[in-house]
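Residue numbers 6 to 1161, in my numbering, belong to the letters of the sequence shown in order. All residues carry an ideal CB built from backbone N, CA and C; glycine is no exception. Since the structure comes first, as structure tokens, the remarks are kept for the end.
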Amino acid sequence: MWRWVRQQLGFDPPHQSDTRTIYIANRFPQNGLYTPQKFVDNRIISSKYTVWNFVPKNLFEQFRRVANFYFLIIFLVQLMIDTPTSPVTSGLPLFFVITVTAIKQGYEDWLRHKSDNEVNGAPVYVVRSGGLVKTRSKNIRVGDIVRIAKDEIFPADLVLLSSDRGDGSCHVTTASLDGETNLKTHVAVPETAVLQTVAKLDTLIAVIECQQPEADLYRFIGRMTVTQQMEEIVRPLGPESLLLRGARLKNTKEIFGVAIYTGMETKMALNYKSKSQKRSAVEKSMNTFLIIYLIILISEAIISTILKYTWQAEEKWDEPWYNQKTEHQRNSSKILRFISDFLAFLVLYNFIIPISLYVTVEMQKFLGSFFIGWDLDLYHEETDQKAQVNTSDLNEELGQVEYVFTDKTGTLTENEMQFRECSINGIKYQEITGRLVPEGPTPDSSEGLAYFRGLALLGSSALPAGSSDTELIKEQDLFFKAVGLCHTVQISRGQSDGLGDSPWHPTAGSPQLEYYASSPDEKALVEAAARIGVVFMGSSEEIMEIKTLGKLERYRLLHVLEFDSDRRRMSVIVQAPSGEKLLFSKGAESSILPNCIGGEIEKTRIHVDEFALKGLRTLCVAYRRFTPEEFEEVDKRLFDARTALQQREEKLMEAFHFIERDLLLLGATGVEDRLQDKVRETIEALRMAGIKIWVLTGDKHETAISVSLSCGHFHRTMNILELVNQKSDSECAEQLRRLARRIAEDHVIQHGLVVDGSSLSLALREHEKIFMDVCKSCCAVLCCRMAPLQKAKVIRLIKISPEKPITLAVGDGANDVSMIQEAHVGIGIMGKEGRQAARNSDYAIARFKFLSKLLFVHGHFYYIRIATLVQYFFYKNVCFITPQFLYQFYCLFSQQTLYDSVYLTLYNICFTSLPILIYSLLEQHVHPHVLQSKPTLYRDISKNSHLSIKKFLYWTVLGFSHAFIFFFGCYFLIWEDISLLGNGQMFGNWTFGTLVFTVMVITVTVKMALETHYWTWINHVVTWGSIVFYFAFSLFYGGIFWSFLDIYFVFIQLLSSGSAWFAIILIVVTCLFLDIVKKVFDRQLHPTSTEKAQMYASPVALSDEFIALQPLPRARTQLSRLSLLKQIPGSSAWTQYAVSQRGKQRVRLLEGCWTE
């Protein structure tokens, strides 16, 4: 019993074997000795709460926040002891914050519940009792045979049993899992592939043994034992047999599969990974400020408590005649009284901690994130994609980026491959207008057409045997046949699902063929071979067909040696029409050339380097002929490795290395991936903004350097340093020291650093510090031959360096997800490698060029807005509570409140909340065009400069100074004569408090108006409307009803006094005048770059609708200012206005006005 309890609590998990045994159709052994394994049901649960645990769980999570917990304690203190303010003053704001947050989180979880119910309740067909039974997805059990029709989503992880095709194959797309939009082929084992009906499947007796569930989408190890005529046949199962939940069936009428992983054990569910919570620098600063203000609050409470007892040391103040103590008070413990008084003062001053700050910041981030999606400048018309915001918590972090780490392929480039050149048997060729031409001669020369004539003659066997030309042409023919056979390209005949890369239609004889490929490189090569004359016609039932200048040849596909990032190559073993067994292999030159024993290796190596220097992506192609004995050995090794349940991957690697050796080199290919639009301009702008750019790519370093030079990442005048091909720790350390010395000697010159993956591993192992010093001294760093995890390690290294810089990673493929999640801000490019990077990113954009506006405009605005919001909130709360503290000196620290409890409650919720919220959403302190055209303005906000201690102290001191002016201004006004009304009626403490509160509300609201640079009608409504609302509410609250209140009729009497009005105007002007004077002097004597841009660009920094919406006299004034500006030659401000989005038409209009 105790063991069961521990298991339920998770302290003693039940033993679980490494494999699971699944009886297809749940036909368990009948000998009675078998105990069925227990598996989870097929329900997917992505929700966080249930009806029963929502309230306690949500409250627990919310009160983990320091501010919420603090206000809860204050509220409980108010309930337990006699405090000067009502518990409502703390309870109502806390209730408001908790309720708003709970409603938001509850609504989001309700949407998740709704989505789960739709998925779990989806209808599916299961084979049971010899027939098809319709049921719900959540009722699928492990072992059930499920039927899936075309375009349906797999409801569980299934092993494919059969399809409507004779070979048992089907096509699926896994776009929703890994972002790859290509069609993937999956195959059933031959023994079950023939079972294409429910009746035949009902006779199947088979057992599957496989590994326990794991999250890796591309790894699956198992075997199927099929019993036929009392004989057991064992077949290996791998990823090619597994149909993952969430994938979709394509180009196949129907399939049958057996469920092996269900519910939360499916690979899709195991990949539900909550991303690590990223916190912005602003949030960290905010928490620091809260701690400082908490210290101020406690200090004020301690000072007040001490002064109270100091004052009461005199007997006349300890128990004055008008406030006699009770017997209980006289006999109570002094320590308890001291604690009680301290807590009472803590309650009295607690509003210096702004609870509504959290709600306002959350609303600002959530609502502000919509502006990125609405920005038409970030919309890509060709692909119909707009910018996406996946998390709004990091908006302001876009304005703090110091390092940008970017992928190359698909991020800086288009990921649209075009075949350009190749090297065959040591001769370099170019493709020009669809023809293969040796480098040097013109396309029309006789040499340029030699290959095609020879290929035609070869097809007709017209060349004499033994001719050297015949051997050359056989090599060329074999090269393109290798390109046409060694790939995973799929063909769809006459139907398209609109997936993957855009389909290619071969023009040579088969216009109905459409090519789809997971890799744009493969697709480009197969298309190139087709243009040359070797057309891949498709594959069916292990037969691959190619047509060489009209002659159809059939090759039997015997084995596929899949590509992996360790080997960096893929191979196929085929049987030629002559019966000969051939291995065709292609991959990176570093993985092919060392395994070659023949062919023009050195010439090809030179050509590969030349291709790389031109920025082309290179692949080498080789082949091997097997004797019957060699093939028998190869076939046996592959079968043993693929049927192994333990260490299958290691055994497969051994088999692959055994097979892919003794190759004969055929040649190499060069494919171009052109740069995206405006990449060079974007990189240059980022550099001007003070951002360091690192390119992290898997390409060979010659290709990467060429692309870096062409995109402006490296300059031609830059001194390029290299840390490549390091073999040992000592060699790497010595090279790093040499580089450090060169940088120290040539400190005037800009340096760029090139590092490859193997050298990086050595550098990070024991020489991290010197490596980081070298990197930081370089303007640009290029890391090539990088594995995905290495990209994340590099970013982490920069993140944890002493300077703690803000990092941004941008990529487009599944291999970029790790670095996107590691960086402070992750940007996904919605490119051709699927959507996984975009889904796992914080923000997604369609093109790299959009990064400049995202950072320079949106990032700049978001940071300025939220920095001002945070500082302003603390400022207005200091203004609010400091008069309360000062008032205690004049009431013998009796804890008498200065303000009415309703004012205490509504100050942050109603009277001063909207102006700052609207400011934080709409403020544009500089015109967007100016920000984008002057990247150096980005430096003004770097390193969290607007939330520095200096700025924080300025706002804090400003708040205290304003509070002193409020209090003592009102105090000295009524010091001599408190009968400010004509009838001689005197002002009391509530009138004094209301006067201070009125001055305070007006001052902090107008202060917000002074901070606002970009005025819209919404700003006017909420700014002046807040003041009007305060007056209206006070008249209603204290003058019309509620005659039992302390401040009944106080506000009306206050407004009827001319002296009070004079005091209000004088104090407000005094407070703000000092602030205005300081701003003017700062802007004139020490202006920042941003302030200079404001002064010089303000005459023309007009929004597109500004002039059209102005009254006629004001519009004429604006036009006259522009006409004066036109007379200034070469005005940069005018230039920026003229190139604005819709500015050209406005320019013509304005020039027409000038002409008139």
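Sub-7 Å separation of residue i and residue j beta-carbons
i            : j           : result
residue 209  : residue 261 : no
residue 709  : residue 650 : no
residue 273  : residue 243 : no
residue 238  : residue 196 : yes
residue 94   : residue 906 : yes
residue 1010 : residue 888 : no
residue 140  : residue 147 : no
residue 574  : residue 596 : yes
residue 371  : residue 397 : yes
residue 392  : residue 383 : yes
Cβ shell of residue i (< 6 Å), same chain only, five flanking positions each side left out
i           : result
residue 491 : 577, 589, 591
residue 23  : none
residue 429 : 481, 484, 672
residue 117 : 51, 52
residue 509 : Note that residue 509 has pLDDT 45, beneath the 50 cutoff, so the model's placement of it is unreliable and the number below is only indicative. Around residue 509: 520, 532.
residue 97  : 910
Member of the options whose CA lies at the smallest distance from the CA of residue i
i            : options              : result
residue 1072 : 973, 818, 713        : 973
residue 543  : 561, 113, 758        : 561
residue 895  : 258, 1095, 1027, 977 : 977
residue 346  : 422, 362, 693, 314   : 314
residue 33   : 149, 53, 572         : 149
residue 965  : 879, 554, 934        : 879
residue 1028 : 685, 1008, 171       : 1008
residue 930  : 1020, 958, 832, 423  : 1020
residue 171  : 200, 226, 624, 806   : 200
residue 782  : 770, 766, 744        : 744
Inter-residue Cα distance where the pair is residue i and residue j
i           : j            : result
residue 158 : residue 248  : 10 Å
residue 695 : residue 297  : 32 Å
residue 11  : residue 310  : With a pLDDT of only 46 at residue 11, under the threshold of 50, the placement of this residue in the model should not be trusted; the figure read from the coordinates follows. If you take the alpha carbons of residue 11 and residue 310, they lie about 51 Å apart.
residue 161 : residue 43   : 16 Å
residue 856 : residue 379  : 15 Å
residue 871 : residue 763  : 43 Å
residue 915 : residue 922  : 11 Å
residue 406 : residue 47   : 44 Å
residue 679 : residue 700  : 16 Å
residue 909 : residue 353  : 10 Å
residue 489 : residue 825  : 36 Å
residue 731 : residue 946  : 40 Å
residue 681 : residue 387  : 13 Å
residue 654 : residue 646  : 8 Å
residue 641 : residue 275  : 35 Å
residue 616 : residue 959  : 60 Å
residue 505 : residue 854  : Confidence at residue 505 is low in this model, with a pLDDT of 39, below 50, so its placement is unreliable and no value can be given for it.
residue 103 : residue 1042 : 26 Å
residue 235 : residue 212  : 14 Å
residue 727 : residue 742  : 12 Å
residue 112 : residue 61   : 16 Å
Same chain, Cβ closer than 8 Å to residue i, five either side skipped, listed in chain order
i           : result
residue 99  : 73, 76, 77, 80, 360
residue 155 : 254, 255, 256, 257, 258, 259
residue 721 : 714
residue 105 : 364
residue 794 : 823
Supposed close pair residue i, residue j - CB separation, criterion 8 Å
i           : j           : result
residue 869 : residue 859 : 15 Å between Cβ atoms; not a contact.
residue 789 : residue 674 : At roughly 19 Å, the Cβ-Cβ gap does not stay under 8 Å, so residue 789 and residue 674 are not in contact.
residue 434 : residue 444 : 7 Å
Close Cβ partners of residue i (< 7 Å) along its chain, the five nearest in sequence each way excluded
i            : result
residue 885  : 356, 912, 1005
residue 1017 : 924, 928, 1024
residue 941  : 693, 694, 1094
Below-7 Å beta-carbon distance, residue i vs any chain C residue
i           : result
residue 668 : As a matter of chain content, chain C is missing from the structure shown, which is built from one protein chain.
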